[in-house]
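J.: Dropping the structure in here first, questions after.
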Amino acid sequence: MPVYEYLCDACGPFTDMRPMAECDEPQVCPQCADMAPRVILTAPAFACMPAERRTAHAANERSRHAPQTVAEYKAKHGPGCGCCSPKKSPRLMTKSRSGAKGFPTARPWMISH
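7 is the number that full-length UniProt numbering gives to position 7 of the sequence shown; each next residue is one higher, with no gaps.
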């Protein structure tokens, strides 16, 4: 069950666990027994969440009204697309006639092996 925040006019804010079906209904204040409306006082704790989960939440939020079709996804992302994968893009590598590898963009002042 989720935790909701309520604000009593006499006693101040308090929290309570309630079913999602009752999320918009007022709650009885535990101190004075008056009815208190639900309020949102604190932001969701997305900053403490791992980056992968935040990315997934952002993708779900963008697609909540109209998810992408396979055709739309393929139009944006061609074969071998690296924008969605967490891997780094491979470095540029050159080979000489003798078979020696060279990385011209890495450190031009170093001699490759």
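Every residue gets a Cβ at the ideal spot worked out from N, C-alpha and C, and that includes glycine.
Remember, it's a predicted structure, so these values are computed and weren't measured experimentally.
On the CB-based measure, 16 or more other CB atoms within 10 Å of its CB, does residue 115 come out buried or exposed?
T.: It is not possible to answer for residue 115, since the shown part of the chain is limited to 1 through 113.
J.: Could you name the residues of the same chain whose beta carbon sits closer than 8 Å to that of Y4, not counting the 5 residues immediately before and after it, in chain order?
T.: T15, D16, M17, R18, C23, Q27, R38
J.: Return yes when the Cβ of A36 is within less than 8 Å of the Cβ of Y6, no when it is not.
T.: yes
J.: Which residue or residues does DSSP assign as beta-bridge partners of L7?
T.: P13
J.: Can you tell me whether DSSP reads T55 as helix, strand or coil?
T.: helix
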